[in-house]
Structure formats: structure tokens, C-alpha cells
Amino acid sequence: MSKVIRSFEASHQWLSINTATVRRQWTLDRIIDECARREIRAISPWRDQVQAAGLQATARQLRAHGMQLSGYCRGGFFPAADEAGLRAALDDNRHAIDEAMTLGAPCLVLVVGSLPGALNGQPAYTSLARARSEVRDGIAATLAHARQVGLPLAIEPLHPMQAAERACVNTLAQALDLCDELDPQRSGALGVALDAYHVWWDPQLQAQIERAGRERLLAYHVCDWLTPTRDLLNDRGMMGDGVIELRQLRGWVEAAGYRGFAEVEIFSEHWWQRPGEDVLDTCIARHRSVV
């Protein structure tokens with residue numbers, strides 16, 4: 001494995017912006033234009049933003065700017081209270097795959113889901129084992145369509161604080177176990193989206209990144225963990241404002257063979273209140289100095 005980490009200091013050519021980072025300030029078409037103006041050459045948009053802007057209109061705008069995607073957010077949320085819900089989740093994920101293909105995304109990011117109804121405070125059941133089984137079956141079923149059209153799926157393990165509501169896959173090891181079971185040939189059809197915010201704490205992280213290797217590392221997301229964290233969902237930090245050893249983490253990821261974008265994904269009430277121009281300019285500066 002290579003031990004040489006890419007230098008980002010002179011350029012932000014490997015910066016991507018997850019569009020959630022400035023979703024409160026701008027609509028998607030404005031986000032694309034503002035990124036292009038700053039020579040940010042990749043984004044990762046969210047499905048609701050694409051729906052609001054129009055799928056075909058978004059595809060045309062991306063092509064006009066020569067802009068790439070680093071991923072598409074998101075598929076997943078497979079568990080459900082009944083068979084009808086499970087079928088609906090599979091249908092929705094097929095639609096997400098088709099949208100991602102239209103936009104030229106390199107992968108569909110999966111936030112796999114957990115206890116159905118928990119986000120609304122009314123879980124239909126409380127068995128994580130059942131949720132994890134439904135996630136496994138849902139990914140397996142979705143993978144068939146993804147293989148058919150040639151779009152990789154990227155499982156994103158989420159921090160354990162979100163194990164009940166958003167994702168019952170909470171470590172990189174869990175995600176890779178699913179990859180090894182469902183794609184033992186390491187074909188590139190199934191891998192992981194590694195988000196620094198969710199995995200930085202894991203004592204097995206370096207070893208699991210090595211285990212993932214180039215074939216499984218499909219996306220890499222960065223932000224920072226603030227101390228104290230005031231909100232478990234919407235208080236992510238700008239890179240360099242928290243405690244994550246981001247340069248070390250990227251070193252591990254690149255040593256394992258990753259050479260894609262470092263995608264900034266910041267859910268933050270603080271940064272959503274700042275002018276979008278300031279947010280993007282700060283992302284560029286921190287990408288060069290910290291990431």
C-alpha cells in the first residue's frame with residue numbers, strides 16, 4: 001500500500017460539496033452554479049433537492065458545467081413494519097438507483113435504516129436483530145438491480161447514537177461484513193461510504209480501512225466533531241474546528257488505495273445561518289489546510 005498522501009494545499013481539485021452543507025441557504029441550481037464559480041468540480045446532491053429542481057434539469061446543468069458527482073444521497077431505509085413497507089422500500093431504492101444513473105453518480109449512498117417509525121418516536125418494533133436482517137435482505141435485493149444497470153452501492157455506517165432511528169449498521173466492520181457476504185468476489189458493486197463524523201471514534205478503524213481496500217472504499221466524507229456537541233444530528237463542525245484527526249484519517253484511506261474526492265458534508269445549524277458564499281469559501285480553505 002502507498003504511504004504517500006496527496007497534497008491538497010495548492011488546489012481544491014479533490015473537493016466535493018455535499019449539497020446538505022448549504023441546503024438552507026440555496027436551492028440546488030444555485031448550489032451548482034456557486035460551486036462551479038469557485039471551480040469546485042464535484043457535488044453530492046440529495047434526492048429531495050433533485051426532485052425540487054427537476055431530475056433532467058439537474059442533469060443538464062451538471063453537464064453544462066462539466067461537474068461530476070462524488071455520490072448520490074441517498075438510498076436505504078430498508079426496515080419496515082410489514083411486507084407492504086418492505087416492498088415500498090425496495091421500489092424506492094430502485095428509483096434512487098435510476099436517478100443516480102441519470103445524473104452520472106459513481107455510487108448510491110445507503111443510509112440503511114433501523115427501527116421503523118423511530119424517527120417519529122413510535123417504533124413499530126424494537127428488535128435491532130430484525131432490523132439488521134431486513135437491511136441485509138434489502139441490500140441483497142437492491143444489489144440485483146444495481147448490478148444490472150452498473151451502479152455501485154455504498155453502505156454508510158452511522159455513529160451508534162443513531163442506531164435506533166437512522167442506521168443499525170454502526171461500524172465499518174459491520175458494513176464490510178455485509179459487503180463480504182453479498183459481494184464476496186469484491187466486484188466493485190458493493191462497498192462503503194466512509195464518513196469521518198460517524199467512524200472517527202472506532203478503535204478498529206485503521207485496520208478496517210485496510211480491510212476495505214480500494215475496491216470497497218467508494219466515498220469519503222469529511223467534517224469535524226465538536227466538543228461539546230449540542231445536537232446529535234445538526235451540530236457537525238467545519239473541518240479543523242473539532243477533534244477528528246482528519247489528516248491522519250485521510251492518510252489511512254489513501255494508503256488503502258482511495259483516490260477520489262473528499263466530500264464535505266456538514267449538517268449544522270451554525271453554518272446554515274452563515275451566508276452560503278462564506279460557507280463554500282471556508283470549505284475550500286479548510287480542505288487545503290486541514291483535510
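All residue numbers for the sequence shown refer to full-length UniProt numbering, where the first residue is 1 and numbers rise by one. The C-beta atom is built at its ideal place from N, Cα and C for all residues, glycine as well. From a predicted model like this one, the values you see are computed outputs, not experimental measurements.
Helix, strand or coil, according to DSSP, for ILE17 in the structure here?
The residue labelled residue 17 in the question sits at position 17 within the sequence shown. The answer is strand: DSSP assigns ILE17 an E or B state.
Does the beta-carbon of VAL22 have 16 or more other beta-carbons within 10 angstroms, so that it is buried, or is it exposed?
Position 22 of the sequence shown holds residue 22. Result: buried.
Along the chain, which unbroken stretches of the alpha helix (DSSP H) at least 4 residues long are found entirely within the region 114-183?
128-149 and 172-182
Pair every Cβ in the region 249-258 with every Cβ in the region 181-192, then say whether three or more of these pairs are closer than 8 Å.
no
Please classify PRO184 as buried or exposed, where buried requires at least 16 neighbouring CB atoms within 10 angstroms.
For this step, residue 184 is matched to residue 184 along the sequence shown. Under this definition PRO184 is an exposed residue.
According to DSSP, is ARG6 helix, strand or coil?
Looking up residue 6 in the sequence shown gives position 6. Correct three-state label for ARG6: coil.
With H, G and I counted as helix, E and B as strand and the rest as coil, what does DSSP make of HIS12?
For the purposes of this step, residue 12 is identified with residue 12 of the sequence shown, where counting begins at 1. Here HIS12 sits in coil by DSSP.
Helix, strand or coil at TYR220 [DSSP, three-state]
Residue 220 sits at position 220 when you count from the first residue of the sequence shown. Reduced to three states, the DSSP call for TYR220 is strand.
Between the region 150-158 and the region 118-132, do at least 3 Cβ pairs fall closer than 8 Å?
no
By the three-class DSSP mapping on this structure, what secondary structure does GLY237 have?
Numbered from 1 along the sequence shown, position 237 holds the residue referred to as residue 237. GLY237: strand per DSSP, three-state reduction.
Give me the DSSP bridge partner(s) of SER289.
The residue given as residue 289 occupies position 289 in the sequence shown. Bridge partners of SER289: none, in fact.
Go ahead and label GLU245 buried or exposed: buried means 16 or more other beta carbons lie within 10 angstroms of its beta carbon, across all protein chains shown.
Taking the first residue of the sequence shown as position 1, residue 245 is located at position 245. Per the 10 Å Cβ criterion, exposed.
Among TRP46, ARG41 and GLN13, which residue has its Cα nearest to the Cα of LEU28?
As a working mapping, residue 28 is identified with position 28 in the sequence shown. Of TRP46, ARG41 and GLN13, the residue nearest in Cα terms is TRP46.
Can you give the Cα-Cα distance for ALA118 and GLU9, rounded to whole angstroms?
Position 118 of the sequence shown, counting from 1, holds the residue named residue 118. Position 9 of the sequence shown, counting from 1, holds the residue named residue 9. Computed Cα separation, rounded: 43 Å.
Whole angstroms is fine: what's the gap from MET67's alpha carbon to GLN208's?
Here the question's residue 67 lines up with position 67 in the sequence shown. Here the question's residue 208 lines up with position 208 in the sequence shown. Cα-Cα distance, rounded: 31 Å.
I want to know whether the region 101-118 touches the region 64-84 - three or more CB-CB distances under 8 Å.
yes
Where do the N-terminal and C-terminal ends of the alpha helix (DSSP H) with GLY251 fall, by residue?
By 1-based counting over the sequence shown, the position of residue 251 is 251. Looking at the DSSP string, the run of the alpha helix (DSSP H) that includes GLY251 is 246-255.
If contacts are defined as beta-carbon pairs under 8 Å, then LEU55 and GLU99 qualify, I think. What distance do you get, rounded to the angstrom?
Looking up residue 55 in the sequence shown gives position 55. Looking up residue 99 in the sequence shown gives position 99. Rounded, the Cβ-Cβ distance is 6 Å, consistent with contact.
Terminal residues of the alpha helix (DSSP H) in which VAL199 lies:
The residue labelled residue 199 in the question sits at position 199 within the sequence shown. Taken as a continuous stretch (DSSP letters only), the alpha helix (DSSP H) holding VAL199 covers 196-199.
Contact between the region 56-66 and the region 82-95 is defined here as three or more beta-carbon pairs at a separation below 8 Å; is this criterion met?
no
According to DSSP, CYS73 sits in a beta bridge with which residue or residues?
The residue you call residue 73 lines up with position 73 of the sequence shown. Paired residue(s): TRP46 and VAL109.
Using 8 Å as the cut-off, can you tell me whether the region 162-182 makes contact with the region 221-229, which would need three or more C-beta pairs spanning the two stretches below that distance?
no
Rounded separation between ASP235 and ILE266 - CA only:
Residue numbering aside, residue 235 sits at position 235 when the sequence shown is read from its first letter. Residue numbering aside, residue 266 sits at position 266 when the sequence shown is read from its first letter. Near 8 Å, if we compare the C-alpha coordinates of ILE266 and ASP235.
Of the residues PRO160, MET101 and SER289, which one's Cα is nearest the Cα of VAL199?
On the sequence shown, residue 199 is found 199 positions in, with the first residue counted as 1. Selected option, being the one with the closest Cα: PRO160.
Under a Cβ-count criterion, where at least 16 other Cβ atoms within 10 Å of its own Cβ denotes burial, should GLY237 be classed as buried or exposed?
Working through the sequence shown from its first residue, we reach residue 237 at position 237. So GLY237 counts as buried.
Indicate whether PHE261 and SER7 have their beta-carbon atoms separated by less than 7 Å.
The sequence position of residue 261 within the sequence shown is 261, counting from 1. The sequence position of residue 7 within the sequence shown is 7, counting from 1. Against a cut-off of 7 Å, the Cβ pair of SER7 and PHE261 comes out as no contact.
Go ahead and pull the three-state DSSP assignment for GLU263.
Numbered from its first residue, the sequence shown carries residue 263 at position 263. Three-state DSSP puts GLU263 in a strand.
Give the DSSP-derived three-state secondary structure of LEU62 in the structure shown.
By one-based count along the sequence shown, residue 62 stands at place 62. Here LEU62 sits in helix by DSSP.
LEU103 and ALA164 - do their beta-carbons sit closer together than 7 Å?
By 1-based counting over the sequence shown, the position of residue 164 is 164. By 1-based counting over the sequence shown, the position of residue 103 is 103. Their beta carbons are not under 7 Å apart, which means ALA164 does not touch LEU103 by this criterion.
DSSP on MET1, reduced to helix/strand/coil?
Counted from its first residue, the sequence shown places residue 1 at position 1. With a pLDDT of only 45 at MET1, under the threshold of 50, the placement of this residue in the model should not be trusted; the figure read from the coordinates follows. MET1: coil per DSSP, three-state reduction.
With DSSP collapsed to three states, give me the class of TRP272.
What you label residue 272 is simply residue 272 of the sequence shown in a count that begins at 1. In the structure shown, TRP272 sits in a helix (DSSP, three-state: H, G or I).
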